[in-house]
Amino acid sequence: MKNFFKSRLPQPPRSELHISFHGSNSPSPIARFLTLETKIIILVWIVVAVSLVTTYFLIVSKVNDIVEELMGKNATRIAAVVAKSPAVVASLSGNQQSIATENWAALLGEVTQADFIVYDIQGNIRYRSSQSPLEPEDANPYEDRQIEPQDYVYLQQVSRGYFLRATSPIFAADSRQIGTVAVGISTESALSALGASRFIMVFSNYFGLVLGMIGALFLARNIKETLFGLEPFAIARLLEERNAMLQSVREGIVAIDATGRITLINDEALRLLDMEGKRDNLLDRPIDSVIPRTRLLDILATKQAEYNQEELLNGIAVVMNRVPVNVEDRTVAAIATFRDRSEVKKMAEELTGVRTYVEALRAQTHEFMNKLHVILGLVRLKALDELVAYVTRISSEQDAATDFVTQRIKDPVLAGFWLGKRSRARELGVQLGLNADSFVPHLDNVDFTNDLVTVIGNLVDNAMEALLENSRRYVEVLMLYNAGSLRIEVKDTGPGIPPELAQAIFEKGFSTKAADRGFGLALVKKVLERRQGTLSFESSLQLGTTFRLLIPYEEVNYKYDKNPDR
232 MKNFFKSRLP
242 QPPRSELHIS
252 FHGSNSPSPI
262 ARFLTLETKI
272 IILVWIVVAV
282 SLVTTYFLIV
292 SKVNDIVEEL
302 MGKNATRIAA
312 VVAKSPAVVA
322 SLSGNQQSIA
332 TENWAALLGE
342 VTQADFIVYD
352 IQGNIRYRSS
362 QSPLEPEDAN
372 PYEDRQIEPQ
382 DYVYLQQVSR
392 GYFLRATSPI
402 FAADSRQIGT
412 VAVGISTESA
422 LSALGASRFI
432 MVFSNYFGLV
442 LGMIGALFLA
452 RNIKETLFGL
462 EPFAIARLLE
472 ERNAMLQSVR
482 EGIVAIDATG
492 RITLINDEAL
502 RLLDMEGKRD
512 NLLDRPIDSV
522 IPRTRLLDIL
532 ATKQAEYNQE
542 ELLNGIAVVM
552 NRVPVNVEDR
562 TVAAIATFRD
572 RSEVKKMAEE
582 LTGVRTYVEA
592 LRAQTHEFMN
602 KLHVILGLVR
612 LKALDELVAY
622 VTRISSEQDA
632 ATDFVTQRIK
642 DPVLAGFWLG
652 KRSRARELGV
662 QLGLNADSFV
672 PHLDNVDFTN
682 DLVTVIGNLV
692 DNAMEALLEN
702 SRRYVEVLML
712 YNAGSLRIEV
722 KDTGPGIPPE
732 LAQAIFEKGF
742 STKAADRGFG
752 LALVKKVLER
762 RQGTLSFESS
772 LQLGTTFRLL
782 IPYEEVNYKY
792 DKNPDR
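Taken in order, the sequence shown gives residues 232 to 797; the numbers are from this note's numbering.
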């Protein structure tokens, strides 16, 4: 019915770090619009839609074929019944019209709901069902085909629509063809039945599409939650960033899973452990068989982090941190980060000096900002006379203080540091003075200058902190270079040092203040040991303390006036 029912690299320079990302992980505007959730919904919906539409057309096509076959068989059976009817054969053989046969034909058409016409051998109509809508020219089997003694089933379009036609020859008793019966079954009733069934199928398909959309939405959201709301390009970028960070940090990193097998080890760890080029041989191996004494298995068991622990790994002294990785209250991994202890020591000493510089500069900046606020206020008030007087006064004071310091401290770094310390002292309400006999030439050694900043900065900081609860707050510093050595004295009017603490104050971590303090005098002691200097102090309770240091230094090439005030 064809038309009928239609995974040792060279180390980067320490002073700079270059990280670049390559590839197509930067999302295009289309990728930003088509999020992972949107893609999953579209994909699932398309799959469901294609499946339902394909199933619909396959079912419709199959139903059409079945209906066509059944209607054809029905029409053929009716045609055979009429062709073999004794009354019809007798009527055509005798060439006589029988009223009984006509009544029988009408009754048969009414019962079978089929339209048929009986022709004699000359093509004349002999009988027809009374309700037959077929016109003789529409139903005439002799009009466009030769008379052949066989059955035909075909679809015919007539003036009143489509009919499924079946023709069957009528034979006399002597096997001579004496006529033909043409049966027509209108497709209108079949179309109505199929239309109703197609409506049900279309409704079912729409319902299936809605269910598919809802399922796709829930699936997409579940996947998105599993991925912590990240898009694929974001995951790829994070992976690149993770790899770049792991390989760029100066700490060795080793991670294990819950079974104690190595899952990650970065380049710095391979370098420190002298295992360059062995990454692939280390992954997925038990940690204790490769790197003993990491204690990561203990971290998995105790679920307690450990920080700043000194260990010996493969003969190298390191400072190590160990932390468990917890997911939903379950420890699923453990990570160790470590660094060469000698590098940590060097970095701590460097940072201590930098911290001292920063604090001094911050205090000086704060003081300048306060003065700028005063100037801004006077400008807004248009108090020009007061403004000129104020600027002149602070300029004179600053020039005098700067001249006093620079005449005695020729090294610009040390002089700038001292001016910053004076600003910090004013913030704390402490009078910080430089002894008029002080003199320090320009120092040719940057490391020595940094050591001086560390020593003087820590001694002055300790003195000022000790004075915060006193009414008399005065600190005086003497810095005097003479005959290949630098003499330093720091005198304060603080509460003094109890005799029982005279030795303990130089121990690392000892402090009468809050926790995480007590490193200042320990650093001073280490600098003096490295520089082969000497340190002594005098202290009287409620009267104050004086520290005296003598640091050898021969690398000086200078000419100076021994009387700096002249």
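Glycine included, every Cβ here is placed at the ideal spot set by N, Cα and C. Being a predicted model, the structure only gives us computed values, none of them experimental.
With distances taken Cα to Cα, identify the nearest neighbour of residue i among the options.
| i | options | result |
| --- | --- | --- |
| asparagine 701 | Ala337, Leu772, Val644 and Lys652 | Leu772 |
| leucine 774 | Gly725, Lys270, Gly415 and Gln353 | Gly725 |
| arginine 308 | Val412, Ile290 and Thr269 | Val412 |
| asparagine 355 | Ala565, Leu323 and Gly688 | Leu323 |
| isoleucine 640 | Phe737, Phe459, Val708 and Arg468 | Val708 |
| asparagine 676 | Thr637, Ala694, Ile493 and Arg762 | Arg762 |
| isoleucine 454 | Gln478, Phe288 and Thr266 | Thr266 |
| threonine 286 | Phe402, Leu339, Leu395 and Arg429 | Arg429 |
| glycine 664 | Ile625, Thr418 and Val721 | Val721 |
| glycine 415 | Ala397, Thr596, Phe402 and Asp405 | Ala397 |
| isoleucine 728 | Leu711, Leu698, Tyr712 and Met710 | Leu698 |
| isoleucine 719 | Ala735, Asp678, Gly751 and Thr765 | Thr765 |
| glutamate 696 | Gln662, Pro463, Leu461 and Phe434 | Gln662 |
| valine 563 | Thr533, Asn545 and Val549 | Thr533 |
| lysine 652 | Gly688, Gln478, Thr637 and Thr623 | Gly688 |
| leucine 501 | Gly491, Val480, Thr490 and Thr596 | Val480 |
| isoleucine 487 | Ala694, Ile518 and Gly460 | Ile518 |
If you measure between the beta carbons of residue i and residue j, is that distance less than 8 Å?
| i | j | result |
| --- | --- | --- |
| alanine 337 | proline 400 | no |
| arginine 704 | glycine 660 | yes |
| arginine 553 | leucine 527 | yes |
| glutamate 738 | alanine 753 | yes |
| threonine 568 | glutamate 472 | no |
| leucine 531 | valine 521 | no |
| proline 672 | serine 716 | no |
| glycine 303 | leucine 395 | yes |
| threonine 633 | leucine 645 | no |
| valine 549 | leucine 603 | no |
| tryptophan 276 | glycine 439 | no |
In the DSSP assignment, find the alpha helix (DSSP H) that holds residue i and state where it starts and stops.
| i | result |
| --- | --- |
| arginine 468 | 463-479 |
| aspartate 498 | 498-503 |
| alanine 667 | Alanine 667 -> no alpha helix (DSSP H), and no H or E assigned at all. |
| serine 322 | 317-325 |
| leucine 766 | From DSSP, leucine 766 is part of no alpha helix (DSSP H) but of the beta strand (DSSP E) over 765-771. |
| isoleucine 566 | Counting along the chain, isoleucine 566 falls outside any alpha helix (DSSP H), though it belongs to the beta strand (DSSP E) covering 561-571. |
| leucine 518 | In the sequence on display, residue 518 carries isoleucine and not leucine. Its alpha helix (DSSP H) spans residues 518-521. |
| arginine 510 | 510-513 |
Where does residue i sit, in a helix, a strand or coil, going by DSSP?
| i | result |
| --- | --- |
| threonine 286 | helix |
| leucine 698 | coil |
| aspartate 747 | Caution applies to aspartate 747, whose pLDDT of 41 falls short of 50 and renders its modelled position unreliable; the value that the coordinates give is listed next. Here aspartate 747 sits in coil by DSSP. |
| glutamine 408 | strand |
| threonine 307 | helix |
| asparagine 552 | strand |
| lysine 722 | strand |
| proline 783 | strand |
| asparagine 256 | Reliability fails at asparagine 256, whose pLDDT of 46 lies under 50, so the model's placement of it is uncertain and no value is given. |
| threonine 777 | strand |
| alanine 532 | helix |
| alanine 714 | coil |
| isoleucine 356 | strand |
| arginine 526 | coil |
| glycine 460 | coil |
| isoleucine 657 | According to the sequence displayed, residue 657 carries arginine and not isoleucine. Of the three classes helix, strand and coil, the one that applies to arginine 657 here is helix, per DSSP. |
| proline 400 | strand |
| leucine 265 | coil |
| threonine 494 | strand |
| leucine 674 | coil |
| alanine 620 | helix |
Would you kindly report the start and end of the unbroken beta strand (DSSP E) that includes residue i?
| i | result |
| --- | --- |
| asparagine 539 | 537-544 |
| alanine 486 | 483-488 |
Ignore the nearest five residues each way along the sequence and tell me which others in residue i's own chain have a CB closer than 6 Å to its CB.
| i | result |
| --- | --- |
| valine 686 | Val755 and Val758 |
| leucine 609 | Glu617 and Leu618 |
| alanine 345 | Ile309, Val414 and Ile416 |
| isoleucine 352 | Ile409 and Gly410 |
| threonine 777 | Lys722 and Glu769 |
Considering only residues of the same chain and omitting the five flanking positions on each side of residue i, which have a CB-CB separation below 7 Å?
| i | result |
| --- | --- |
| valine 605 | Tyr621 |
| leucine 448 | Ile272 |
| isoleucine 625 | Lys602 |
| tyrosine 538 | Asn552 |
So, at 8 Å on beta carbons, what are the nonlocal neighbours of residue i in its own chain, with the 5 sequence-adjacent residues on each side left out?
| i | result |
| --- | --- |
| arginine 524 | Glu542, Leu543 and Leu544 |
Could you check whether the Cβ of residue i sits closer than 7 Å to any heavy atom belonging to the ligand ADP?
| i | result |
| --- | --- |
| valine 708 | The ligand ADP is absent from the structure shown, which contains no ligand whatsoever. |
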